[in-house]
Amino acid sequence: MRARVPSPDTFTSRLHDVRVAARVGRWLGVCFALAFVTGVLSHYAQATHQPIPLPTRPVWGYQVTQAVHVLAGTAAVPLLLVKLWTVYPRLFHRPSRGVRARLLTALERGSIALLVGAALFEVTTGLVNVTQWYPWEFSFRRAHYAVGWTAMGALVVHVGVKLPVIRGALARDLDESDSYDDRRPSSPLDRRGLLRLSGLAAAVAAVSTAGGTLPSIDRLAVLSARRSGGPQGVPVNRTARAAGVLAAASDPEWVCEVRHGDRVVELDRAALLAFPQHAVDLPIACVEGWSATGTWTGVRLRDLLRLVDAPDGAEVAFHSLQRRRAGRFSVLPAPFASDPLTLVALGLNGVPLSLDHGFPARLIAPNRPGVTQTKWLARIEVLR
Ligand SMILES: Nc1nc2c(c(=O)[nH]1)N[C@H]1C(S)=C(S)[C@@H](COP(=O)(O)O)O[C@H]1N2
Ligand SMILES: [Mo]
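The sequence shown begins at 22 in my numbering and counts up one residue at a time.
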């Protein structure tokens, strides 16, 4: 038997309907917009130089925006699949004859291919990142960011081109059957049912990561890499062993260098503990979507900066004992460096920092991405 190329009529389900596509598309648009705005924010928050520094308050600002980012992105997964399924029969539409018509079809399909490709790339790399698996060579952050702009651009074009169709589809009642329907068998799931199911799937998907931020439902966070628990009641991202710093971090000769030009001060843990100690309640908010709040104790960064006559408004770089891979270096914008809540932390939740949380000393600052809260400090350097 010869294989037959399907035509749109091959697909008889009433669920392949523009009304369903438009409604799911609307939710998907909301998810993408939320993920985009929070994603741009997160990217900026991680920049080593912020021309206009982000505010230092609220202390949980990044925690909330990044949770929204991951929740919106996860909820988009089932919505995207349903949307693609409702419209895929259109792939088999043969373009009308004529160069102009074919060209227009090619353009339309090209832009949709770009949109679908970019959207699939974003949700897959995002999900893989949430589960803390980095099976690729490229920089996740740079690629995810660039393709995010691509997806957003293609989405704007897509909505612009389809606006009349979308308007018409949204205006029509879902239950109203048309002449087309009469030629199609009824299905146990009607269009309204499919929409409900999609909404439910999106909610379930969101809950599967939300537990990474909401301790009360953390057992449901099957997707999240880090749930509550971990030493001292706070999850650990990279352990001291994984970072290759076990020996250096447990060396009794450890000192932290504070440097401003050629002014250098070296402080061991006893010297740091001799400074006035402060306690702050601040979250670690990982880009992967999980977060946890702890009570950190230690020295105010600004007290240390005074030792080397750091000028007001200086950016400060943090170097870790760690030699390789992400997390070993960060730069703190000036307002965060002088903030009274920014500590070189020596303790967490009433006990000295554990090796995995950054012993002998780590940075903790308000409203910052987790990845910039450098652990196992070796050197603090005033930049300008
Ligand atoms: N030196 C160093 N610091 C680091 C990291 C790292 O890999 N190396 N991971 C960062 C990331 S991604 C996060 S989310 C936080 C997690 O801190 P915790 O492991 O104490 O919870 O530490 C940050 N500090
Ligand atoms: Mo992180």
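The beta-carbon is built from N, C-alpha and C at its ideal position, and this holds for glycine as well.
- Relative to ligand 2, Asn150 has its C-beta separated by 7 Å or more from all heavy atoms.
- For Thr316, the enclosing beta strand (DSSP E) covers residues Ser312 to Arg321.
- With a threshold of 16 other beta carbon atoms within 10 Å, Thr31 falls short and is exposed.
- A direct Cα-Cα distance of roughly 26 Å separates Gly319 from Glu309.
- For Glu309, the CB falls within less than 7 Å of some heavy atom of ligand 2.
- Within the same chain, Asn388 come within 7 Å of Pro79 by CB-CB distance, once the 5 residues on both sides are set aside.
- Distances taken from the Cβ of Val392 to the heavy atoms of ligand 2 include one shorter than 7 Å.
- Here the distance from the Cβ of Ser219 to the nearest heavy atom of ligand 1 is not below 7 Å.
- Under the 10 Å beta carbon count, Asp38 is surrounded by 16 or more other beta carbons and is classified as buried.
- Contact between the region 253–262 and the region 296–315 is present: three or more C-beta pairs spanning the two stretches fall below 8 Å.
- For Trp275, the Cβ stays outside the 7 Å cut-off from all heavy atoms of ligand 1.
- Here Ala97 is buried. Its C-beta has 16 or more other C-beta atoms within 10 Å.
- In the displayed model, Phe53 falls within a helix according to three-state DSSP.
- In this structure, Arg405 keeps its C-beta atom at 8 Å or more from the C-beta atom of Arg280.
- Put simply, of Leu62, Ala139, Leu148 and Asp324 the residue whose alpha carbon is nearest the alpha carbon of Thr230 is Leu148.
- Sequence-distant Cβ neighbours of Arg284 in its own chain, meaning closer than 6 Å and more than five residues away, are Val329.
- If you check the C-beta of Asn388 against ligand 2, you find no heavy atom less than 7 Å away.
- Pro332 carries a coil assignment under DSSP once its states are collapsed to helix, strand and coil.
- Straight across, the Cα-Cα distance linking Leu102 with Leu218 is about 12 Å.
- Distance between Thr395 and Ser208, taken at the CA atoms: about 56 Å.
- Judged by beta-carbon spacing, Ala358 lies beyond the 8 Å limit of Leu293, meaning their Cβ atoms are not closer than that value.
- One Cα belongs to Leu288, the other to Pro373, and the distance between them is close to 17 Å.
- Pairing Ala139 with Gly94 gives a Cβ-Cβ distance that is not under 8 Å.
- Relative to the non-hydrogen atoms of ligand 1, the Cβ of Pro256 comes within a distance shorter than 7 Å of at least one.
- The straight-line gap separating the alpha-carbon atoms of Ser160 and Leu49 is approximately 26 Å.
- Judged by pairs of C-beta atoms under 8 Å, the region 66–78 does not touch the region 123–140, as fewer than three such pairs exist.
- Taking Pro27 as the centre and dropping the five residues before and after it, the same chain places the C-beta of Phe113 closer than 6 Å to its C-beta, in chain order.
- In the DSSP assignment, Pro373 forms a beta bridge with Gly368.
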